[in-house]
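Residue 1 is where the sequence shown starts when you use the UniProt record's numbering, and the numbers rise one by one after that.
Worksheet: one structure, shown below.
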Amino acid sequence: MTYKQAQSIYGIQGRSTVLTWLRKHGKMDWTTNPRKSTMPKSPRANETPAQKIKRLEQELEDERLRCLLLNRVVDILDAEHGMSLRKKYIAKEQEAFKKRRK
């Protein structure tokens, strides 16, 4: 029962009266509709394993192409503009850091 229904059924004029009563005695979650709270089924839920594999392989190929493109852009920036965007890994410093932690 919503607070508006309680007001009309029992003839209560003030909204705060109903809200106070609900805080003390009732369930406060009257705003959500249980019918609306269920998530709609995704179109992927009805996929067969073969369809899922095909979709995942396509997504993997797209990510590989994206990675290739971004690496190529970074290479061009390095060559033409002298910008170094790649993370520099220095093995000696890494080993020294590990020794200090021991």
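Backbone N, C-alpha and C fix where the C-beta goes; we use that ideal spot for every residue, glycine too.
Item to check | Where residue 73 falls, given that 16 or more other Cβ within 10 Å makes a residue buried | outcome: So residue 73 ends up on the exposed side.
Item to check | Close-in-space but distant-in-sequence residues of the same chain around residue 12 (CB under 7 Å, 5 per side omitted) | outcome: 6, 18
Checklist entry - Within the present structure, is the beta-carbon of residue 96 separated from the nearest heavy atom of the ligand FMN by less than 6 Å? => result Ligands are entirely absent from the displayed structure, and the ligand FMN is therefore not among its contents.
Checklist entry - Which class does residue 12 belong to by DSSP, given the choice of helix, strand or coil? => result Here residue 12 sits in coil by DSSP.
Checklist entry - Where residue 54 and residue 60 are concerned, what is the direct C-alpha to C-alpha distance, given to the nearest angstrom? => result Straight through space, the alpha carbons of residue 60 and residue 54 are spaced by roughly 10 Å.
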